[in-house]
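Before any comments, here is the structure.
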Ligand code: SF4
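Residue numbers (our numbering): 306 to 759.
Here it is in structure tokens:
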């Protein structure tokens, strides 16, 4: 993007925060009893149904990581798995889940590959004896190179996992050191080769927009991922607002370079998209690219998470989110309180809110890049949403294609601005507050303004 054309830019800055789930939760509204009562009702027939499980332990801590996790886990692992299994059984035993066949399961973290083969089997047996899985279901396990030994991958395969997701982030030794990513390139290659024996779907998470990262370094990372025959690539810009305090302090104290400015961010996003499309990947969502000749051409769990109101995800484990049409909740985010809650109530729910964000599918549309117009019309939404869509269409950010609305290439850099513009007033306020609070943590200024020349 050149500065000279910036007179016509549709927005004057890029939002700093982009990692969040919609709608936001607030503490104190409802209790775990509401979860139990709610799960007595049947689930809506419409929509995909998925299960998320969280494993909050890691062998080492990556310097940028904002997630809830712990390294000192050896004594906690088995009691945690036992609590997770108990919670899974409580969920499966509710009337809401009994009529449900799962479209997808996702085991995330943390680092789920710290589980032993026996613990992987324990979870697998719990799933198969308590839940129904749809034919052709997707089951993803997140792994990390050093802990993903062959006996663990084999155990995952034996319980029905068919997609492995590998949090590589970057191959570049300089950034791997910066982030305390300890696996070597050879260990990453070995895990990839092993994964090929057991799984057809092999996803890799890559981060870009790293401090001081050049376009050439980004292209090298992408080339390594492609060379490893990766069937899908999630290439995410680093969201600095949610990185750890220590990482932000290093930038403030100039021990690390500042984040790229808005022009660099837009240019880098374009480079990533072009490279992956040129190398045979289709752009499924804004950051998710799936190889055109791969057997699994979808990411069903993502379709649910960023899907419509009736696309439901139920979560088990520490800090797991559950989005059920009518109720959203998040589990306890510390191990001991989580285990105690499951022992006492069968569930790990901590923050529980009513949830009637029927506009969810539309809010996520720019991230998912297309939406069926009938799916918008059946929601009977306020006229302001249609006015927004007309405005985006007039600016060339979205286009009608038959019965679909699609994000255009020109619209891609602005997908998050569009999501924020469509937030309902009550939520917009919450978004602005959260975003401002996160930005303040940085104690330095982000160059996210796009200078508009007169
Ligand atoms: S990025 Fe993943 S592996 Fe690293 S500390 Fe965070 S959760 Fe653990």
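Where is the CB? At the ideal position from N, CA and C, for every residue including glycine.
For clarity, every value in this text was computed on a predicted model and none was experimentally measured.
Could you pull out every residue in the same chain whose Cβ sits closer than 6 Å to the Cβ of residue 388, ignoring the five residues on either side in sequence? Taking the first residue of the chain shown as 1, we reach residue 388 at position 83. Contacts found: 644 and 647.
Leaving aside the five residues before and after residue 715 along the sequence, list all residues of the same chain whose C-beta is less than 7 Å from its C-beta, in chain order. Locating residue 715 in the chain shown gives position 410, where the first residue counts as 1. 701 and 702.
Distance, Cα to Cα, residue 354 vs residue 562? Looking up residue 354 in the chain shown gives position 49. Looking up residue 562 in the chain shown gives position 257. Cα-Cα distance, rounded: 43 Å.
What residues sit near the ligand SF4, counting only those whose C-beta is closer than 6 Å to one of its heavy atoms, in chain order? So the residues near the ligand SF4 by this Cβ test are 363, 366, 367, 370, 372, 374, 414, 415, 416, 449 and 472.
Just verifying my parser: in three-state terms, what is the DSSP assignment at residue 733? The count along the chain shown starts at 1 and reaches residue 733 at position 428. Helix, per DSSP.
From the DSSP output, in three-state form, read off residue 628 for me. Here residue 628 refers to the residue found at position 323 of the chain shown. In this structure, residue 628 counts as strand in the three-state DSSP scheme.
So what does DSSP say about residue 751, is it helix, strand or coil? Here residue 751 refers to the residue found at position 446 of the chain shown. Here residue 751 sits in coil by DSSP.
So, at 6 Å on beta carbons, what are the nonlocal neighbours of residue 629 in its own chain, with the 5 sequence-adjacent residues on each side left out? Residue 629 sits at position 324 when you count from the first residue of the chain shown. Excluding sequence neighbours, residue 629 sits near 617.
Output the boundary residues of the alpha helix (DSSP H) element that contains residue 671. Reading the chain shown from its first residue, position 366 is the one you call residue 671. Residue range 665 to 673 is occupied by the alpha helix (DSSP H) that includes residue 671.
Select from 322, 327 and 323 the residue whose C-alpha is nearest the C-alpha of residue 732. For the purposes of this step, residue 732 is taken as residue 427 along the chain shown, with counting starting at 1. The candidate whose alpha carbon is nearest that of residue 732 is 327.
Within 10 angstroms of the Cβ of residue 449, are there 16 or more other Cβ atoms? Answer buried if so, exposed if not. Counted from its first residue, the chain shown places residue 449 at position 144. Classification of residue 449: buried, given that the 10 Å Cβ count is 16 or more.
Buried or exposed (CB count within 10 angstroms, at least 16 for buried), residue 582: As a position in the chain shown, residue 582 is number 277, starting the count at 1. Exposed, because fewer than 16 other Cβ atoms sit within 10 Å of the Cβ of residue 582.
By Cβ distance, which residues of its chain are closer than 8 Å to residue 401, with the 5 residues on each side in sequence left out? Translated into the one-based positions of the chain shown, residue 401 becomes position 96. Around residue 401: 343, 344, 345, 346, 347, 348 and 629.
Once DSSP output is grouped into helix, strand and coil, what is the label at residue 744? Here the question's residue 744 lines up with position 439 in the chain shown. Of the three classes helix, strand and coil, the one that applies to residue 744 here is helix, per DSSP.
Out of curiosity, what's the CA-to-CA distance linking residue 321 and residue 405? Here residue 321 refers to the residue found at position 16 of the chain shown. Here residue 405 refers to the residue found at position 100 of the chain shown. C-alpha separation (whole angstroms): 38 Å.
Nearest neighbour of residue 670, chosen from 726, 473 and 483 [CA to CA]: Residue numbering aside, residue 670 sits at position 365 when the chain shown is read from its first letter. When the alpha-carbon of residue 670 is set against those of 726, 473 and 483, the nearest one is in 726.
Inter-residue CB distance, residue 523 and residue 571 (contact presumed, cutoff 8 Å): Here residue 523 refers to the residue found at position 218 of the chain shown. Here residue 571 refers to the residue found at position 266 of the chain shown. Between residue 571 and residue 523 the Cβ distance is about 13 Å, and since that is not below 8 Å, they are no contact.
Pop quiz: residue 636 and residue 653 are said to be a contact at Cβ under 8 Å. What is the actual Cβ separation, rounded to whole angstroms? Reading the chain shown from its first residue, position 331 is the one you call residue 636. Reading the chain shown from its first residue, position 348 is the one you call residue 653. Taking C-beta atoms under 8 Å as the contact rule, residue 636 and residue 653 qualify, at a distance of about 4 Å.
Should the region 373 to 380 be regarded as contacting the region 427 to 439, the criterion being three or more beta carbon pairs within less than 8 Å? In this structure the region 373 to 380 does not lie against the region 427 to 439, because fewer than three pairs of beta carbons, one per stretch, are closer than 8 Å.
Tell me whether the region 481 to 498 and the region 420 to 429 touch, counting them as touching only if at least three CB pairs, one residue from each stretch, are closer than 8 Å. At 8 Å Cβ cutoff, the stretches do not touch.
Exposed or buried, which one is residue 655 when buried takes at least 16 other CB atoms within 10 Å? For the purposes of this step, residue 655 is taken as residue 350 along the chain shown, with counting starting at 1. Residue burial annotation: residue 655 is buried, with at least 16 other C-beta atoms found within 10 angstroms of its C-beta.
Check whether the Cβ atoms of residue 553 and residue 688 lie closer than 7 Å to each other. The sequence position of residue 553 within the chain shown is 248, counting from 1. The sequence position of residue 688 within the chain shown is 383, counting from 1. Not a contact, by the Cβ cut-off of 7 Å.
Taking the C-alpha atoms as reference points, what is the distance between residue 624 and residue 313? The count along the chain shown starts at 1 and reaches residue 624 at position 319. The count along the chain shown starts at 1 and reaches residue 313 at position 8. About 43 Å.
Close Cβ partners of residue 318 (< 7 Å) along its chain, the five nearest in sequence each way excluded: For this step, residue 318 is matched to residue 13 along the chain shown. Excluding residues within five positions, the ones whose Cβ falls inside 7 Å are 567, 753, 754 and 755.
Buried/exposed call for residue 408, threshold 16 Cβ in 10 Å: The residue labelled residue 408 in the question sits at position 103 within the chain shown. Counting of Cβ neighbours within 10 angstroms places residue 408 among the buried residues, the total reaching 16 or more.
CB of residue 597 within 7 Å of CB of residue 607, strictly: Position 292 of the chain shown, counting from 1, holds the residue named residue 597. Position 302 of the chain shown, counting from 1, holds the residue named residue 607. Result no, Cβ atoms of residue 597 and residue 607 do not sit closer than 7 Å.
So, helix, strand or coil for residue 435, using DSSP? As a position in the chain shown, residue 435 is number 130, starting the count at 1. For residue 435, the three-state secondary structure derived from DSSP is helix.
What residue from 705, 415 and 439 has the CA that sits closest to residue 358's CA? Within the chain shown, the letter at position 53 stands for residue 358. Ranking the options by Cα distance to residue 358, first place goes to 415.
Sort 543, 330, 476 and 410 by Cα distance to residue 469 and report the nearest one. Locating residue 469 in the chain shown gives position 164, where the first residue counts as 1. Taking only the C-alpha atoms, the option nearest residue 469 is 410.
Can you check whether the CB of residue 719 is closer than 7 Å to the CB of residue 315? Within the chain shown, residue 315 is the residue found at index 10, counting from 1. Within the chain shown, residue 719 is the residue found at index 414, counting from 1. In this structure, residue 315 places its C-beta atom within 7 Å of the C-beta atom of residue 719.
Identify which residue in 435, 487 and 420 has its Cα closest to the Cα of residue 458. The count along the chain shown starts at 1 and reaches residue 458 at position 153. The residue with the shortest Cα to Cα distance from residue 458 is 420.
Please list, in chain order, all residues of the same chain as residue 503 whose beta carbon is under 6 Å from its beta carbon, the five residues on each side excluded. Residue numbering aside, residue 503 sits at position 198 when the chain shown is read from its first letter. These residues qualify, in order along the chain: 458 and 462.
So, using beta-carbon positions, are residue 548 and residue 369 closer together than 7 Å? The residue labelled residue 548 in the question sits at position 243 within the chain shown. The residue labelled residue 369 in the question sits at position 64 within the chain shown. Cβ atoms of residue 548 and residue 369: closer than 7 Å.
Three-state secondary structure assigned by DSSP to residue 538: Stepping through the chain shown from its first residue, residue 538 is reached at position 233. The three-state reading of DSSP puts residue 538 in strand, counting E and B together.
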